[in-house]
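Let me begin by presenting the structure, written as structure tokens, before commenting on it.
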Amino acid sequence: MFIALISRGVPSKRDPQWGCFEKDQAEALVAVGHKVAVISVDSRFRLYWRKPGISHYRLNGIDYYDCFWVPGIITHRLFGKKVDFSIKRIQLKRLFNRVIREHSLPDVLYSHYLTNSYAALILKKMYNLPLVAIEHWSQLNKDVLSDYAVWLGRATYSDCDAVISVSESLRQRLLQHFQINSIVVHNMVGSEFCYNCSRGSKDGKIRFVSTGSLIHRKGYDLLISAFGQLKLPLDKWELVIIGEGEERVNLEQQIDRAGLNSNVYLLGRKGKKEIGSILCNSDVFVLPSRSETFGVVYVEAMMMGLPVIATVCGGPEEFVQKTDGLLVPCDDVEALSSAIKDMYENCHQYDHKKISADSRARFSPNVIASQLINVFQEVMCK
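Each number in my numbering comes from the position in the sequence shown (counting from 1) with 326 added on.
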């Protein structure tokens, strides 16, 4: 089977998380015997230079085609959403035509995120190909959606041959807002995250770790408040936070006010190998997110054998079991503090090898790839 995967973009040293879900899935699909070409239109606004036009490279048996012309925020504000998407579709058609010239006509279109799925409809109609859309977008995991999200969803989902949600909670949201009965296929976690029996901190401290963008939705303000009010012995613990974002300055000030400069560290963006190394040298993963469509960072930690503290926020409650860690309500600093104290005292009582093995049985690449292939085969047989 030849799959054209329509992605946000491709990971880079400057932005290692951009398009990482898509890259992981592409590699997993190739590993189980299928051909994949990844195409993406980069319409982000960035302050650094990007060469306009199409770039192409081949890595691990996959051809990546990426196009950048002008940031979407500019065309959106100047000309409106319809013109903006018309420009994106023109770029997408150019990329797709190159894929056809250099390979052949794909058997199925597979688009990640609603904006890409809307743009991909033009390819479905032009070439009479089945389109499978997978949804991760956190903006859809709400009681009330923006007018933009409502317009986009109504214009897209009903024309797709199948829609996948990455969690049951997101499936319920798509049903609520768009009357679309989607299929649940969870995100996968690759082999970079695997159990190591020598894992854990080496200096006698309990090391808590967290991964995610420094934005309000991730709840880092709650996490720092919870540690601040616990008053644990300062020489017995530390918290490292991996990620970057608009809340950095506010969080640095909050850490300073709480007197935790020697215990809480903001490490910035890191690649997967670096994240894996940090997880390997940690004892507990904690992220008090206010909303998640799935929460792949929790699974990455669990595959490393770490017990986790997660919130009931739309994703983690579907897969974090009692043997994996603790679940707390959203926006509840008291409950979060209690869970942190419990982990500080008892994290080594968890069966780390079992946490890892159970997670791999549910979320490894071959397991998720097989589920995706089943969906593709069904739409191709319609």
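Where is the CB? At the ideal position from N, CA and C, for every residue including glycine.
Endpoints, the beta strand (DSSP E) within which ASP368 is located:
361 to 368
Among ILE413, LEU565, VAL489, which residue has its Cα nearest to the Cα of ILE604?
LEU565
Taking just the CA atoms, how far does LEU440 sit from HIS503?
14 Å
CB contact flag (GLY641, GLU626, <8 Å):
no
With a threshold of 8 Å, are at least 3 pairs of Cβ atoms found where one atom belongs to the segment 652 to 663 and the other to the segment 467 to 482?
no
What is the DSSP secondary structure of ILE541, reduced to helix, strand or coil?
coil
Check whether the Cβ atoms of GLY571 and LEU613 sit closer than 8 Å, and answer yes or no.
no
Per DSSP, the bridge partner or partners of ALA459:
SER437, VAL489
Under the rule that 16 or more other beta-carbon atoms within 10 Å means buried, what is ASP657, buried or exposed?
exposed
Can you tell me whether DSSP reads ARG533 as helix, strand or coil?
strand
Just to confirm before moving on: does the CB-CB distance between LEU592 and PHE553 stay below 8 Å?
no
Nonlocal neighbours in the same chain, by C-beta distance under 7 Å from GLN417, ignoring five residues either side:
VAL367, CYS393, TRP395
Do you know offhand how far LEU331's Cα is from ASN386's?
15 Å
Just checking, does the segment 483 to 495 make contact with the segment 515 to 523 on the three C-beta pairs under 8 Å criterion?
no
The alpha helix (DSSP H) with GLU570 in it runs from where to where?
No alpha helix (DSSP H) contains GLU570, which DSSP labels as neither H nor E.
N- and C-terminal bounds of the beta strand (DSSP E) containing GLY379
379 to 385
Going by the beta-carbon positions, is the gap between MET629 and ARG543 smaller than 8 Å?
no
Taking only three categories from DSSP, how would you classify SER608?
coil
Measure the alpha-carbon distance for ARG420 versus ALA481 and round it to whole angstroms.
22 Å
Rounded C-alpha distance that separates ILE550 from ASN700
43 Å
Across which residues does DSSP place SER333 in a beta bridge pair?
SER366
For GLU518, which of helix, strand or coil comes out of DSSP?
coil
VAL425: which of ASN467, LYS596, ARG384, THR649 sits nearest, CA to CA?
ARG384
Which first and last residues belong to the alpha helix (DSSP H) in which ILE506 is found?
No alpha helix (DSSP H) holds ILE506; DSSP gives it neither H nor E.
What's the C-alpha gap between ARG415 and ASP668?
52 Å
Rounded to the nearest angstrom, what separates PHE534 and ASN513 at their Cα positions?
24 Å
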